[in-house]
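Everything below concerns the one structure shown next.
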């Protein structure tokens with residue numbers, strides 16, 4: 003599904019290398035987790051994959067179902083099936099949540115040459131998803147993320163993911179700012195979307211999210227590279243020994 | 002001395018090109034207004050309130066020719082149930098206009114009024130004259146003196162539909178001077194719409210007297226002609242518990258100066274003035290607003306938003322004056338520009354002058370660019386960059402557009418803004 007080969011990325015503004023050769027293969031139907039200390043390049047990886055400005059790929063490649071995603075505009079990546087659940091979802095005053103969602107859903111459909119969703123089908127789908135994520139009608143009416151609590155913002159991200167039905171979902175520290183109940187709710191939302199045709203990349207500092215979203219593969223990232231990969235037990239090792247222990251071991 | 006002499010020479014040159022309409026009930030008011038013009042002189046760029054907008058082309062004897070604009074859109078407000086009154090280059094067009102009779106309102110033409118209309122005589126030029134202090138507005142006095150046409154609308158109840166003044170621009174050199182007077186009796190309610198570019202140069206004055214408990218709604222769309230010039234004045238006096246709400250959409254126009262002067266004279270009156278303007282390139286738009294609180298418990302809001310690109314210029318000069326006894330005043334003023342590139346500029350001069358001690362007044366003014374984080378967020382969800390930019394631009398304008406109470410009108414204005422943005426994508 004998502005194939006990353008020897009990816010090197012530096013900041014455009016300053017001559018600072020962030021990713022120093024990342025290799026990653028995520029097959030459809032699997033959940034991969036990336037863990038790592040602060041500054042290891044986890045969020046940069048998610049931004050580069052989704053097309054945020056300010057990064058320069060100096061070497062390597064990333065493809066989604068064989069297509070070069072790094073050559074695409076952010077909106078083209080979205081239409082191709084890539085979705086990033088933001089660590090810090092952006093507030094957009096003046097744009098209603100529903101308008102935003104409907105514009106996004108139909109923009110992607112249009113880009114793929116599909117028919118736009120009718121207003122009533124859209125409304126029905128949103129209501130069903132919102133109910134699952136305990137998002138009330140008022141939240142849907144408000145401007146995008148404006149006045150939302152941390153938990154509401156993350157639930158809103160998962161609702162967007164559910165509506166857009168991407169092939170490849172990247173969750174960037176979705177657990178940050180969530181209390182235990184909210185984490186459970188968000189995880190249930192993610193788990194409901196797990197399917198044979200869909201891949202997940204879950205970026206997190208902590209093992210606890212992975213108690214709820216059980217990964218198939220866990221990677222440890224440090225200093226711009228994946229230094230160790232393994233099964234879910236690797237996350238437990240991080241929890242017990244911290245990153246220092248693992249990093250010392252691979253050094 | 003030399004400056005004053007230059008100013009008076011320009012004033013005399015302008016006045017020489019005009020002749021005062023003789024006779025009729027408005028004659029005395031016109032003569033008074035002419036005396037005011039002589040005393041004040043026409044605007045000069047050294048005047049404090051003309052620092053940001055050059056008045057020369059509004060003052061000079063003839064209009065700068067303005068190419069006619071091929072408007073490919075259906076006329077705005079055209080689908081509404083309305084009473085439409087049409088002016089072509091400032092001249093009333095009876096053929097194109099609807100019959101002027103409507104229940105609970107009387108509508109007459111300024112130019113055709115032979116008999117003495119007492120209510121209009123008590124208003125014509127009166128609010129304009131009151132609005133000359135403390136800041137002079139010579140182009141409005143000029144208008145009162147020389148207006149060739151306009152409508153006199155006396156609202157006695159709640160007419161069933163809006164009155165729409167439509168202005169067509171058909172001659173490249175037209176120089177139109179229209180003056181409208183509107184009186185709402187106590188408890189009356191009316192919506193007045195205005196649309197169109199009117200002329201190569203348009204000087205328009207509207208005086209609105211809103212009696213106790215009356216409600217005046219005003220929505221205006223200034224036409225899309227690129228080369229037109231306009232100086233408009235809206236004077237209003239509000240009685241107790243009355244409401245005045247005015248919104249203006251301005252798209253294109255090489256020079257537009259919209260002045261609004263409101264006096265809150267009755268307790269618990271509400272005045273909202275809002276504007277959304279969009280300019281690309283050779284565009285200069287100036288909102289100059291003066292709101293005087295002279296009664297207890299009144300509310301005023303000024304909400305002005307400007308979207309500027311390719312060297313377009315926006316100006317905002319807004320003042321709230323709270324007199325000594327106007328306690329419990331609630332005043333709000335916001336002026337913001339969205340600069341879509343580095344070439345555009347926004348010049349703002351917010352002013353507060355408060356003599357009462359128990360008031361809440363806030364004001365703010367900002368200039369900014371499109372929020373890059375919001376843009377990326379939208380794009381990451383699949384919205385194309387141009388569409389995402391439009392969406393964020395409309396969101397920026399929303400606070401002004403939302404001042405329009407009527408949903409159909411609001412939608413119509415939003416539709417025009419969206420269409421304009423689509424045509425003027427970077």
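Protein chains in written order, with this note's numbering: chain A, 3 to 253; chain B, 2 to 427. Positions of the beta carbon are idealized from the N, C-alpha and C atoms, including for glycine. Here the structure is a predicted model, which is why all the values come from computation and not from measurement.
Taking the alpha carbon of residue 115 of chain A as the reference point, which residue from A/133, A/81 and A/138 has its own alpha carbon closest? Out of A/133, A/81 and A/138, A/81 has the C-alpha closest to the C-alpha of residue 115 of chain A.
Range of the contiguous beta strand (DSSP E) that encloses residue 333 of chain B: Looking at the DSSP string, the run of the beta strand (DSSP E) that includes residue 333 of chain B is 330-340.
To the nearest angstrom, report how far apart residue 124 of chain A and residue 371 of chain B are at their CA atoms. Near 29 Å, if we compare the C-alpha coordinates of residue 371 of chain B and residue 124 of chain A.
Say whether chain A places a C-beta atom closer than 9 Å to the C-beta of residue 363 of chain B. No, residue 363 of chain B does not count as interfacial toward chain A.
Cα separation between residue 177 of chain B and residue 412 of chain B? Distance between the alpha carbons of residue 177 of chain B and residue 412 of chain B is about 30 Å.
Starting from residue 252 of chain B, trace the beta strand (DSSP E) in both directions and tell me its first and last residue. That run of the beta strand (DSSP E) goes 244-252.
Quick one: give me the first and last residue of the alpha helix (DSSP H) that residue 102 of chain A is part of. Taken as a continuous stretch (DSSP letters only), the alpha helix (DSSP H) holding residue 102 of chain A covers 99-113.
Is it buried or exposed, residue 119 of chain B, if we count other Cβ atoms within 10 angstroms and call 16 or more buried? Exposed, since its Cβ has fewer than 16 Cβ neighbours within 10 Å.
Whole-number beta carbon distance between residue 384 of chain B and residue 109 of chain A, since they are thought to touch under 8 Å: Confirmed, about 5 Å.
For my contact list, residue 88 of chain B and residue 179 of chain B are in at a C-beta cut-off of 8 Å; report their separation, rounded to the angstrom. Cβ atoms of residue 88 of chain B and residue 179 of chain B come within 8 Å of each other, at about 7 Å.
Taking 9 Å as the cut-off, decide whether the C-beta atoms of residue 158 of chain B and residue 111 of chain B are in contact. 9 Å or more divides the Cβ of residue 158 of chain B from the Cβ of residue 111 of chain B.
Per DSSP, what are the beta-bridge partners of residue 184 of chain B in this structure? B/155 and B/210.
In chain order, what residues of the region 33-57 of chain A put their CB closer than 8 Å to some CB of chain B? Flagged, chain order: 52, 53, 54 and 55.
Suppose you measure from the CA of residue 57 of chain B to the CA of residue 164 of chain A; what does that come to, to the nearest Å? Those two C-alpha atoms are separated by around 60 Å.
At what residue ranges does the region 145-223 of chain A contain a whole run of the alpha helix (DSSP H), taking only runs of 4 or more? Whole alpha helix (DSSP H) segments, 4+ residues: 152-166, 182-195 and 210-214.
Check for me: the beta strand (DSSP E) holding residue 303 of chain B runs from which residue to which? Under the DSSP assignment, residue 303 of chain B falls in the beta strand (DSSP E) whose first and last residues are 300-310.
So what's residue 425 of chain B in DSSP terms, helix, strand or just coil? The three-state reading of DSSP puts residue 425 of chain B in coil, since its state is none of H, G, I, E or B.
So, residue 305 of chain B versus residue 327 of chain B, is the Cβ gap smaller than 9 Å? Not in contact: residue 305 of chain B and residue 327 of chain B (Cβ atoms no closer than 9 Å).
Could you work out which residues of chain A lie near residue 374 of chain B, taking near to mean beta carbons separated by less than 8 Å? Within 8 Å Cβ-Cβ: 92.
Three-state secondary structure assigned by DSSP to residue 229 of chain B: Coil.
Comparing alpha-carbon positions, which option in B/256, B/53 and B/64 lies nearest residue 18 of chain B? Nearest in C-alpha terms to residue 18 of chain B, of all of B/256, B/53 and B/64, is B/64.
Meets three-Cβ-pair contact criterion under 8 Å: the region 59-66 of chain A and the region 332-348 of chain B: No, the region 59-66 of chain A is not in contact with the region 332-348 of chain B.
Just to check my reading of the structure: residue 205 of chain A and residue 45 of chain A have Cβ atoms closer than 8 Å, yes? What is that Cβ distance to the nearest angstrom? Sure, about 7 Å apart at Cβ, within 8 Å.
By Cβ distance, which residues of its chain are closer than 8 Å to residue 59 of chain B, with the 5 residues on each side in sequence left out? Cβ contact annotation for residue 59 of chain B (same chain, cutoff 8 Å, sequence separation greater than five): 44, 140, 202, 204, 230, 232, 256 and 258, in chain order.
What three-state label does DSSP hand residue 326 of chain B in the structure shown? Of the three classes helix, strand and coil, the one that applies to residue 326 of chain B here is coil, per DSSP.
Interface partners of residue 15 of chain A on chain B, CB under 8 Å: Here the premise fails: no neighbours, minimum Cβ distance about 13 Å.
Going by C-alpha distance, which of A/209, A/121 and A/227 is nearest residue 103 of chain A? Closest option to residue 103 of chain A, judged by alpha-carbon separation, among A/209, A/121 and A/227: A/121.
Report the neighbours of residue 384 of chain B on chain A: residues whose CB is nearer than 7 Å to its CB, in chain order. Neighbourhood of residue 384 of chain B in chain A, by CB distance below 7 Å: 77, 105, 106 and 109, in chain order.
Using C-beta distances below 8 Å, list every residue in its chain close to residue 186 of chain A, excluding the 5 sequence neighbours before and after it, in chain order. Counting only Cβ-Cβ distances below 8 Å, and skipping sequence neighbours, we find 214.
Pairing CB atoms from the region 35-42 of chain B with CB atoms from the region 193-200 of chain B, are three or more of them under 8 Å? Fewer than three beta-carbon pairs drawn from the region 35-42 of chain B and the region 193-200 of chain B are found closer than 8 Å, and the two stretches are therefore not classed as touching.
What residue range is occupied by the uninterrupted beta strand (DSSP E) comprising residue 57 of chain A? Here the beta strand (DSSP E) through residue 57 of chain A covers 57-66.
Taking a contact to mean a Cβ-Cβ separation below 9 Å, would you say residue 309 of chain B touches residue 280 of chain B in this structure? Contact: yes.
What residues match up with residue 238 of chain B in a beta bridge as DSSP calls it? B/210 and B/264.
I'd like the list of long-range same chain contacts for residue 214 of chain B, defined as Cβ closer than 8 Å, with 5 residues on each side in sequence excluded. Taken in chain order, the residues that qualify are 187, 188, 240, 241, 242 and 243.
Taking 9 Å as the threshold (beta carbon to beta carbon), is residue 101 of chain A in contact with chain B? Yes, because at least one Cβ of chain B sits closer than 9 Å to the Cβ of residue 101 of chain A.
Residue 216 of chain B and residue 191 of chain B - do their beta-carbons sit closer together than 9 Å? Cβ distance < 9 Å, so residue 191 of chain B and residue 216 of chain B count as in contact.
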